[in-house]
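This report concerns only the one structure given below.
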Amino acid sequence: MNTQEAQNIKWSENIIIVDGDYIDHVAFDIIVNFERMLDRRIPAADFSQWAVDVALDGRLKPGNHETQVILLHDKKNQKLENFAPSDYDKELNGQAFMDERFGEFIINSIACGDENTAKDAVLLDLLKTLCIHEEVKRIMIVPNAEEDSLLRSIRNTLNDVDDELKHITLFAMQPLEGGNFKQAILGYSILNAMGISSPEIESKIK
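Numbering (this note's numbering), first residue to last: 541 to 746.
Written out as structure tokens, the structure reads:
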């Protein structure tokens, strides 16, 4: 899939747009910090479990749904270093899996990196496309939320979206100000996909 095809593609009701490089960076930081805190090895995050957790945090209700996961990544990064499966082309792009609670998840990856396909521009183009497609009801966005200019552009893109027609959730590591969207904390889904539970964390900080 490329951005030229985006206008004509048949979209699912539920879409997750992900900056793969950013979630990999966050996952690395979590592994480093929590291995120290918990005094044990932290495994790579289970990508399928993470996608399901994002859907859950995006308020998807249990049912026989179809959810598309679109992974954007820099061309130079051919795989996720802190998720499994990890290889964009060989293990993720064009793959799908079934979850007994939330139905089918279909994964596609888009390599970005030249002037015409800068990753943030691709993300914004996709977001604009999805916002005008009637069949898309729920959008979950996992951008590099540390880039202020990107966040401003996302806010502007979503300003006039009817929140009764589109349920939009933006994932970041900390709460954000304003915006015509719901918010969720990204770290929770990654922690769960790594098998790190709240009781285990609480037992170490008492």
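Glycine included, C-beta positions come from ideal geometry on N, C-alpha and C.
Buried or exposed (CB count within 10 angstroms, at least 16 for buried), residue i
{"i": "serine 588", "result": "buried"}
{"i": "isoleucine 745", "result": "exposed"}
{"i": "serine 552", "result": "buried"}
{"i": "glycine 658", "result": "The sequence given here has alanine at residue 658, not glycine. With fewer than 16 Cβ atoms within 10 Å of its Cβ, alanine 658 is classed as exposed."}
{"i": "leucine 726", "result": "buried"}
{"i": "proline 583", "result": "exposed"}
{"i": "valine 662", "result": "buried"}
{"i": "asparagine 573", "result": "exposed"}
{"i": "arginine 641", "result": "exposed"}
{"i": "arginine 581", "result": "exposed"}
{"i": "phenylalanine 568", "result": "exposed"}
{"i": "aspartate 579", "result": "exposed"}
{"i": "aspartate 564", "result": "buried"}
{"i": "valine 623", "result": "Inspection of the sequence shows that residue 623 is occupied by phenylalanine rather than by valine. Buried: at least 16 other Cβ atoms inside 10 Å."}
Own chain residues within Cβ distance below 8 angstroms of residue i, not counting five before or after
{"i": "glycine 560", "result": "Leu611, Leu612, His613, Asn617, Leu620, Tyr628 and Ser649"}
{"i": "valine 701", "result": "Cys671, Ile708 and Asn720"}
{"i": "leucine 688", "result": "Checking the sequence, you will find aspartate at residue 688 rather than leucine. Excluding sequence neighbours, aspartate 688 sits near nothing in its chain."}
{"i": "valine 566", "result": "Met713, Leu726, Gly727 and Ile730"}
{"i": "leucine 667", "result": "Ile557, Ile679, Ile681, Ile694, Thr697 and Leu698"}
Strand pairing of residue i, partner residues [DSSP]
{"i": "phenylalanine 711", "result": "Ala724"}
{"i": "arginine 678", "result": "Asn554 and His707"}
{"i": "isoleucine 647", "result": "Val609"}
{"i": "cysteine 671", "result": "Bridge partners of cysteine 671: none, in fact."}
{"i": "aspartate 559", "result": "Leu612"}
{"i": "alanine 661", "result": "Answer by DSSP bridge pairing: none, since alanine 661 is not bridged."}
{"i": "methionine 638", "result": "Glu644"}
{"i": "lysine 630", "result": "Paired residue(s): none; lysine 630 is not in a bridge."}
{"i": "phenylalanine 623", "result": "Ala585"}
Residue i beta carbon near the ligand FAD (any heavy atom closer than 7 angstroms)
{"i": "leucine 690", "result": "The ligand FAD is absent from the structure shown, which contains no ligands of any kind."}
Beta-carbon proximity list for residue i, same chain, < 6 angstroms, skipping 5 on both sides
{"i": "isoleucine 681", "result": "Ile557 and Leu710"}
{"i": "asparagine 604", "result": "Gly643"}
{"i": "phenylalanine 637", "result": "Ser588 and Phe645"}
Residues of its chain near residue i, where Cβ-Cβ distance is below 7 angstroms and the 5 sequence neighbours each way are ignored
{"i": "aspartate 593", "result": "Ser729, Asn732 and Ala733"}
{"i": "alanine 591", "result": "Ile556, Val609 and Phe645"}
{"i": "leucine 690", "result": "Asp660, Pro683 and Asn684"}
{"i": "proline 625", "result": "Phe587, Glu631 and Leu632"}
{"i": "leucine 705", "result": "none"}
{"i": "serine 738", "result": "none"}
Closer than 8 angstroms to chain D by CB, residue i
{"i": "serine 743", "result": "Included in the structure is just one protein chain, with no chain D present."}
Does the contact criterion of 3 or more C-beta pairs under 8 angstroms hold for the stretch 729-742 versus the stretch 630-643? The stretch 729-742 makes no contact with the stretch 630-643, as fewer than three CB pairs between them are under 8 angstroms.
Q) Does the count of Cβ pairs from the stretch 582-602 and the stretch 711-730 closer than 8 angstroms reach three? A) The stretch 582-602 makes contact with the stretch 711-730, as at least three CB pairs between them are under 8 angstroms.
Legend entry - Whole alpha helix (DSSP H) elements within the stretch 570-596, 4-residue minimum: Counting whole runs of 4 or more residues, the stretch 570-596 contains no alpha helix (DSSP H) stretch at all.
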